[in-house]
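> Sharing a structure here in structure tokens format.
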Amino acid sequence: EVQLVESGGGLVKPGGSLRLSCAASGFTFSSYTMSWVRQSPGKGLEWVSYISSSGSSIFYAESVKGRFTISRDNAENSLFLQMNSLGAEDTAVYYCGRDPLRRGSSYYMDVWGKGTTVTVSS
Amino acid sequence: DIQMTQSPPSLSASVGDRVTITCRASQSIYSALNWYQQKPGKAPNLLIYGASILQNGVPSRFSGSGSGTDFTFTITSLQPEDFATYYCQQSSSIPITFGQGTRLEIK
Numbered sequence: 001e002v003q004l005v006e007s008g009g010g011l012v013k014p015g016g017s018l019r020l021s022c023a024a025s026g027f028t029f030s031s032y033t034m035s036w037v038r039q040s041p042g043k044g045l046e047w048v049s050y051i052s053s054s055g056s057s058i059f060y061a062e063s064v065k066g067r068f069t070i071s072r073d074n075a076e077n078s079l080f081l082q083m084n085s086l087g088a089e090d091t092a093v094y095y096c097g098r099d100p101l102r103r104g105s106s107y108y109m110d111v112w113g114k115g116t117t118v119t120v121s122s
Numbered sequence: 001d002i003q004m005t006q007s008p009p010s011l012s013a014s015v016g017d018r019v020t021i022t023c024r025a026s027q028s029i030y031s032a033l034n035w036y037q038q039k040p041g042k043a044p045n046l047l048i049y050g051a052s053i054l055q056n057g058v059p060s061r062f063s064g065s066g067s068g069t070d071f072t073f074t075i076t077s078l079q080p081e082d083f084a085t086y087y088c089q090q091s092s093s094i095p096i097t098f099g100q101g102t103r104l105e106i107k
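So the sequence lines, in the order shown, correspond to chains A and B.
For the first sequence, the residue numbers in the numbering used here are 1 to 122.
For the second sequence, the residue numbers in the numbering used here are 1 to 107.
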């Protein structure tokens with residue numbers, strides 16, 4: 001079964017850091033572009049970041065550029081999001097998602113994890 | 001950035017009804033438009049990609065159409081499990097952007 005499982009969320013103080021993980025199983029992780037998408041409480045979906053299958057191509061939303069770093073470990077079938085200088089506006093459920101195009105990018109997500117919740121509060 | 005404007009923000013309908021949601025892009029995105037369904041507390045679920053292609057396993061009562069800047073999403077004969085929030089998303093260019101969502105409620 002194709003599956004994505006996020007972890008690493010929690011409560012963090014403003015200005016703090018957190019590292020999210022996304023464990024992939026049931027497919028050849030190293031062949032697929034991956035993304036992070038977040039959803040603030042009661043709000044819509046916001047794309048955060050994207051990383052190509054090899055990790056050579058990376059993009060960020062302007063709202064997180066310079067503070068968040070996406071990475072992946074294809075040997076461990078894992079995706080990461082390092083989040084620094086967190087503010088209240090980063091409070092959200094963070095989802096990882098798989099791009100359906102093998103060894104390419106379609107810029108949409110056909111498989112999603114259940115999400116991990118990040119709360120930034122003093 | 002490409003802005004996605006989705007309407008209506010909310011919609012009340014009854015089981016068996018036909019409903020239509022529209023999504024407009026701020027510039028042409030050709031057919032790079034996708035639709036997701038999201039239920040409370042759950043992750044989004046891809047229903048349609050490429051404006052009109054039904055994702056595997058999605059019931060045929062869901063459909064999408066359009067190209068360029070104007071797109072529609074239709075559910076024929078609403079079922080109880082269809083009451084959810086629906087989002088459009090453009091995949092033409094980075095940054096990926098979503099519509100604001102349409103909450104479909106039971107009348």
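No residue lacks a Cβ here, since even glycine has one placed at the ideal position from N, Cα and C.
1) Are A/G9 and A/T117 closer than 7 Å when you measure CB to CB?
2) So, is A/L18 buried or exposed, given that buried needs 16 or more other C-beta atoms within 10 angstroms?
3) Quick one: give me the first and last residue of the beta strand (DSSP E) that A/R38 is part of.
4) To the nearest angstrom, how far is it from the Cα of B/G99 to the Cα of B/L11?
5) Among B/S91, B/Q79, B/Q89, B/Q38, which residue has its Cα nearest to the Cα of B/V19?
6) On the criterion of 16 or more Cβ atoms from any shown chain inside 10 Å, does A/R38 qualify as buried, or is it exposed?
7) Determine, for B/P8, whether the minimum Cβ-Cβ distance to residues of chain A falls below 7 Å.
8) What does DSSP give as the partner residues of A/M109 in its beta bridges?
9) Can you check which of these residues, A/L11, A/K13, A/A23, is closest to A/K114 by C-alpha distance?
10) So what does A/A24 bridge to, in DSSP terms?
11) Please list the residues of the stretch 72-106 of chain A that have a C-beta atom closer than 7 Å to any C-beta atom in chain B, keeping them in chain order.
12) Check distances from the C-beta atoms of the stretch 19-36 of chain A to those of chain B and list, in chain order, the residues that come in under 9 Å.
13) Leaving out the 5 sequence neighbours to the left and right, which residues in its chain are closer than 6 Å to B/I29 when beta-carbon positions are compared?
14) The beta strand (DSSP E) that contains A/V118, what's its start and end?
15) Beta-carbon of B/I53 versus every beta-carbon of chain A: anything under 7 Å?
16) Can you give the Cα-Cα distance for A/Y178 and B/K107, rounded to whole angstroms?
17) Look at the Cβ atom of B/Q37, then the Cβ atom of B/C23, and state whether they are nearer than 7 Å.
18) Between A/G44, A/S35, A/W36, which has its C-alpha nearest B/K39's C-alpha?
19) Can you check whether the CB of B/I21 is closer than 7 Å to the CB of B/Y86?
20) Using a beta-carbon distance cut-off of less than 8 Å, what residues from the stretch 91-103 of chain B approach chain A?
21) Contact between the stretch 61-75 of chain B and the stretch 94-106 of chain A is defined here as three or more beta-carbon pairs at a separation below 8 Å; is this criterion met?
22) Name the residue from B/L46, B/S31, B/R103 whose alpha carbon lies nearest to the alpha carbon of B/N56.
In short:
1) Here residue 9 of chain A corresponds to residue number 9 of the first sequence, with the count starting at 1. Here residue 117 of chain A corresponds to residue number 117 of the first sequence, with the count starting at 1. Taking 7 Å as the Cβ cut-off, A/G9 and A/T117 qualify as a contacting pair.
2) Within the first sequence, numbered from 1, the residue matching residue 18 of chain A stands at position 18. Burial call: buried.
3) The residue labelled residue 38 of chain A in the question sits at position 38 within the first sequence. Note, A/R38: beta strand (DSSP E), 32-39.
4) Residue 99 of chain B sits at position 99 when you count from the first residue of the second sequence. Residue 11 of chain B sits at position 11 when you count from the first residue of the second sequence. Their backbone Cα atoms lie some 15 Å apart in a straight line.
5) The count along the second sequence starts at 1 and reaches residue 19 of chain B at position 19. Here the closest residue by C-alpha is B/Q79.
6) Numbered from 1 along the first sequence, position 38 holds the residue referred to as residue 38 of chain A. So A/R38 counts as buried.
7) What you label residue 8 of chain B is simply residue 8 of the second sequence in a count that begins at 1. Taking Cβ atoms only, chain A never reaches closer than 7 Å to B/P8, which makes this a no.
8) Sequence index remark: in the first sequence, residue 109 of chain A carries index 109 (1-based). Partner residues in a beta bridge of A/M109, as assigned by DSSP, do not exist.
9) Locating residue 114 of chain A in the first sequence gives position 114, where the first residue counts as 1. It is A/A23 whose Cα lies nearest to the Cα of A/K114.
10) What you label residue 24 of chain A is simply residue 24 of the first sequence in a count that begins at 1. According to DSSP, which records beta bridges pairwise, A/A24 is partnered with A/L4.
11) Y95, S106
12) Shown in chain order are the members of the stretch 19-36 of chain A whose Cβ falls below 9 Å from a Cβ of chain B: S35.
13) Against the second sequence, residue 29 of chain B aligns to sequence position 29. Same-chain partners within the cutoff: Q90, S92.
14) On the first sequence, position 118 is the one that residue 118 of chain A refers to. Judged by DSSP secondary structure, A/V118 falls within the beta strand (DSSP E) whose first and last residues are 116-120.
15) If you number the second sequence from 1, residue 53 of chain B lands on position 53. Not an interface residue.
16) The structure shown does not extend to residue 178 of chain A, since chain A is modelled only from 1 to 122, so the question has no answer here.
17) On the second sequence, position 37 is the one that residue 37 of chain B refers to. On the second sequence, position 23 is the one that residue 23 of chain B refers to. The answer is no: Cβ separation not under 7 Å.
18) Translated into the one-based positions of the second sequence, residue 39 of chain B becomes position 39. Answer by Cα proximity: A/G44.
19) Sequence index remark: in the second sequence, residue 86 of chain B carries index 86 (1-based). Sequence index remark: in the second sequence, residue 21 of chain B carries index 21 (1-based). Yes, they are a contact pair.
20) S91, S92, S93, I94, P95, I96, T97, F98, G99, Q100, G101
21) A contact is defined here as three or more CB-CB pairs under 8 Å, and the stretch 61-75 of chain B fails this definition with respect to the stretch 94-106 of chain A.
22) The count along the second sequence starts at 1 and reaches residue 56 of chain B at position 56. Measuring from the Cα of B/N56, the nearest candidate turns out to be B/L46.
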